[in-house]
Amino acid sequence: MSNIQDKVVIITGASSGIGEATAKELAAKGAKLVLAARREDRLEKLQQDIQNTGGPVIYKVIDVTSYEQMEELAEMALKEFGKIDVLVNNAGVMPHSFLYKKKIDDWNKMIDVNIKGVLYGIAAVLPTMREQKSGHIINLSSVAGHVVGPGSTVYAGTKHAVRAISEGLRKEEAGNNIRSTIISPGAVQSELINLITDTDLKPGIDKLYEDVAIEANSISRAIAFAIEQPYDVAINEMIIRPTSQER
Ligand code: NDP
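For what it's worth, the numbering used here labels the leading residue of the sequence shown as 13, then goes sequentially.
Below you can see the structure in the form of structure tokens.
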């Protein structure tokens, strides 16, 4: 039996890209899923697709920048399934721009979704996981959590923060049998680059993604690998690039 069978997994940002692929991957391996994002039509369709193959799956429309909504999501998971085994803190935004363009709203969005959203997710599930004396929190960082490039400064700052938060979480909770995993993808086909409005950057990024981006299920397989390890094995960090991505 898969070590994912019957695990209760919350996935934020499940309405597209890596989150959606992860939901499908884990459903196929027998997980009980709690999906979250803002676009209800997408969540509903994904729920139907997964239910057609038999998996228990519920969803909630939430904005990860609201701690209250994140807490409601965790409460819903507990009410429905009685435990929370895994949180995949996946929701994220990447409106790259040069600093001098002063796209302050985009900076705030990245800080709110990519950093605060991840922290709120941790806060919402940690008491339950400590009580259970088991749990697994998987945070989506990025190659930009390791490397800073022109135009990716603020995004890279948020993804470096995700790695720092994950490492702190690991150290604080190792004694409570709570695993933490950082997943750092390179270019992956999804809707992530659609939010970039800096016209000096967009064509180059479009070209990079056209040339090298790998499928979202390349990342969901890595997430499944981390979850399916025996309880005493923690995959703490993975970088997954397209083979042909140089930077
Ligand atoms: P997508 O844009 O396809 O997916 C992002 C998801 O986040 C969507 O489901 C979106 O749902 C959700 N989301 C965004 N803002 C919010 C919010 N405020 N509240 C709730 N949900 C929100 O991109 P990816 O699948 O590529 O991104 C997934 C993660 O992977 C992100 O953290 C991203 O930074 C990271 N990543 C992706 C890479 C790539 O090349 N694709 C590379 C490195 C890291 P909705 O709009 O319905 O709310």
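Cβ atoms here follow ideal geometry from the backbone N, Cα and C, with glycine treated the same way.
Computed from a prediction, not measured in an experiment: that's the story for all the values here.
For Tyr-167, the CB contacts under 7 Å within the same chain, skipping 5 residues up- and downstream, are Met-106, His-108, Met-122, Ala-156 in chain order.
Counting only runs of 3+ residues, the beta strand (DSSP E) found wholly inside the stretch 66-138 occupies 69-73, 98-101, in chain order. Using a Cβ distance threshold of 7 Å, Val-76 and Gly-129 count as a contacting pair. An exposed status is given to Thr-65, since fewer than 16 other beta-carbon atoms sit within 10 Å of its beta-carbon. Around the C-beta of Lys-145, fewer than 16 other C-beta atoms lie within 10 Å, and the residue is accordingly described as exposed. Counting along the chain, the unbroken alpha helix (DSSP H) around Arg-233 starts and ends at 229-239.
In this model, Gly-94 and Gly-67 are separated by some 17 Å (Cα to Cα). His-158 carries a coil assignment under DSSP once its states are collapsed to helix, strand and coil.
Counting along the chain, no beta strand (DSSP E) covers Leu-207, and no H or E run does either. According to the DSSP secondary-structure assignment, Ala-48 is paired through a beta bridge with Thr-24, Lys-72. Looking only at Ser-196, Glu-56, Glu-222, the smallest Cα-Cα distance to Asn-206 is reached by Glu-222.
By the Cβ-count criterion, Gly-180 is exposed, with fewer than 16 other Cβ atoms from all chains shown falling within 10 Å of its own Cβ. About 3 Å separates the Cβ atoms of Arg-253 and Gly-198, confirming a contact at the 8 Å cut-off. Taking the Cβ atoms as the reference, Leu-90 lies roughly 10 Å from Ile-22, outside the contact range of under 8 Å.
Residue pairing by DSSP places Thr-193 opposite Ile-150 in a beta bridge.
Relative to the Cα of Asp-97, the nearest Cα in the group Glu-87, Ala-135, Ala-103, Gly-147 belongs to Gly-147. Scanning Gln-81, Val-159, Asn-189, Thr-170 for the CA closest to the CA of Asn-151 turns up Thr-170. DSSP lists Ile-194 as the beta-bridge partner residues of Glu-249. Between the beta-carbon of Met-88 and that of Val-137 there is about 12 Å, and that puts the pair past the 8 Å contact cut. When secondary structure is reduced to three states using DSSP, Ile-16 falls in the coil class, being assigned neither helix nor strand. At a cut-off of 6 Å, the beta-carbon of Glu-203 counts as near ligand 1: some heavy atom of the ligand is closer than that. One thing to note: Glu-92 has its Cβ within 7 Å of the Cβ of Ile-70. Using a Cβ distance threshold of 7 Å, Lys-44 and Val-20 count as a contacting pair. Counting the other CB atoms within 10 Å of its CB gives Ser-256 a total below 16, which places it among the exposed residues.
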